[in-house]
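According to our numbering, the sequence shown is numbered sequentially starting from 82. Quick reminder that beta carbons are idealized off the backbone N, C-alpha and C, glycines included. It should be emphasised that the depicted structure is a prediction, and the values quoted were computed from it without experimental measurement.
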Amino acid sequence: MARGVTDRRVIDAMLKIPRHIFVQEAFAAQAYSDKPLPIGEKQTISQPYIVALMTEKLALTGTEKVLEIGTGSGYQTALLATLADRVYSAERIRPLALRARKCLDSLKLFNVQLRINDSEGSPIGWEDEAPFDAIIVTAGAPSVPVILTEQLARGGRLVIPVGTDVDQQLVTIIKDEDGELHQELSIMCRFVPLIGAQGWQA
Ligand code: SAM
Numbered sequence: 082m083a084r085g086v087t088d089r090r091v092i093d094a095m096l097k098i099p100r101h102i103f104v105q106e107a108f109a110a111q112a113y114s115d116k117p118l119p120i121g122e123k124q125t126i127s128q129p130y131i132v133a134l135m136t137e138k139l140a141l142t143g144t145e146k147v148l149e150i151g152t153g154s155g156y157q158t159a160l161l162a163t164l165a166d167r168v169y170s171a172e173r174i175r176p177l178a179l180r181a182r183k184c185l186d187s188l189k190l191f192n193v194q195l196r197i198n199d200s201e202g203s204p205i206g207w208e209d210e211a212p213f214d215a216i217i218v219t220a221g222a223p224s225v226p227v228i229l230t231e232q233l234a235r236g237g238r239l240v241i242p243v244g245t246d247v248d249q250q251l252v253t254i255i256k257d258e259d260g261e262l263h264q265e266l267s268i269m270c271r272f273v274p275l276i277g278a279q280g281w282q283a
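Spelled out as structure tokens, the structure:
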């Protein structure tokens with residue numbers, strides 16, 4: 082895989098999951114180019130390189146319970162479901178979540194629970210199911226939400242784009258076995274905004 086993604090499990094999962102079923106029919110021919118594509122509702126499926134990089138940073142081995150904020154098309158969710166034990170994924174736009182469910186079912190990825198978070202002011206995260214071994218946020222946030230670091234297990238990793246509503250830097254938060262948080266900064270990226278109490282106004 083180009084540009085330094087070396088985790089063989091991530092590469093194999095990306096070779097296995099058909100990205101074209103997660104994009105709109107009009108964009109199916111572009112599904113395997115390394116670029117983001119529209120998925121409707123003014124949202125995007127992320128560029129495959131960024132998906133690979135973020136997934137690699139979670140360091141999944143197959144045993145983890147993972148939280149994803151921003152189901153979108155469900156493509157990233159499908160990768161997580163292939164690479165971890167259980168996935169909990171939240172999306173604020175109902176039609177996207179419903180379509181993602183169909184795609185995941187068509188691939189027989191039944192280890193995913195989806196939640197629609199469309200009520201205004203509802204906090205992000207999934208308190209009832211916390212703690213999570215890995216958390217991935219696939220929308221840009223103004224800062225790392227404390228509510229998510231609280232839902233991270235000891236030894237767990239949180240990957241999130243942090244910055245303005247235009248561009249962000251990829252941040253990995255690692256919670257060590259003593260509960261201390263450590264931060265690693267990675268590349269600049271461009272995500273649609275995280276909406277809500279811990280993000281931006283709709
Ligand atoms: N990972 C997705 C994929 O593979 O298609 C792409 C996600 S898209 C870049 C970001 C998604 O985050 C959008 O679908 C958007 O509706 C969702 N989103 C934004 N704010 C959210 C929130 N507070 N809770 C849940 N989903 C949110």
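Query raised in the report: ligand 1 heavy atoms versus the CB of P224: any closer than 6 Å?
Result: The sequence as given places Ser at residue 224; Pro does not occur at that position. Short note on S224: C-beta not closer than 6 Å to any heavy atom of ligand 1.
Query raised in the report: Three-state secondary structure (DSSP) at F213?
Result: F213: strand per DSSP, three-state reduction.
Query - Classification of R238 by the beta-carbon crowding that lies within 10 angstroms, buried from 16 upward - result: Buried is the call here.
Query raised in the report: To the nearest angstrom, how far is it from the Cα of G151 to the Cα of T87?
Result: When only Cα atoms are considered, G151 and T87 end up about 25 Å apart.
Query raised in the report: Going by alpha carbons, who is nearest to D259 out of A278, R271, L233, S267?
Result: Cα-wise, what sits closest to D259 is L233.
Query raised in the report: On the three-pair Cβ rule with 8 Å, is the stretch 124–137 touching the stretch 153–163?
Result: The answer is yes - the stretch 153–163 touches the stretch 124–137, with three or more Cβ pairs under 8 Å.
Report task. Below 8 Å on the Cβ atoms is my guess for L164 versus L141; work out the distance and round it to an integer in Å. Result -> The Cβ separation is near 4 Å, so the contact holds.
Query - Three-way DSSP call (helix, strand, coil) for I131 in this model - result: In this structure, I131 counts as helix in the three-state DSSP scheme.
Query raised in the report: Nearest to A66 by alpha carbon, out of A211, T230, D246, D93?
Result: There is simply no residue 66 to check, as the chain begins at 82 and stops at 283 in what is shown.
Query raised in the report: Taking 6 Å as the line, does the beta carbon of R173 fall inside it for any heavy atom of ligand 1?
Result: Within the cutoff, so yes.
Query raised in the report: Where do the ends of the beta strand (DSSP E) carrying E265 lie?
Result: Annotation for E265: the continuous beta strand (DSSP E) segment containing it runs 262–270.
Requested in this report: Quick one: residues in its chain with C-beta nearer than 7 Å to the C-beta of V252, no 5 flanking neighbours on either side, listed in chain order?
Outcome: The beta carbon of V252 sits closer than 7 Å to those of V225, I241, V243, Q264, L266, all from its chain and outside the five residues before and after it, given in chain order.
Requested in this report: Give the straight-line distance between the Cα atoms of M82 and V227, rounded to the nearest whole angstrom.
Outcome: For M82, the predicted model reports a pLDDT of 47, less than 50, meaning its position is unreliable; a value from the coordinates is still stated below. Approximately 33 Å, taken between the alpha carbons.
Query raised in the report: Under 6 Å from any heavy atom of ligand 1, does the C-beta of Y156 make it?
Result: Y156: yes, Cβ under 6 Å from ligand 1.
Query - Contact check, T230 vs L262, beta carbons under 7 Å - result: Yes, Cβ-Cβ distance for T230 and L262 is below 7 Å.
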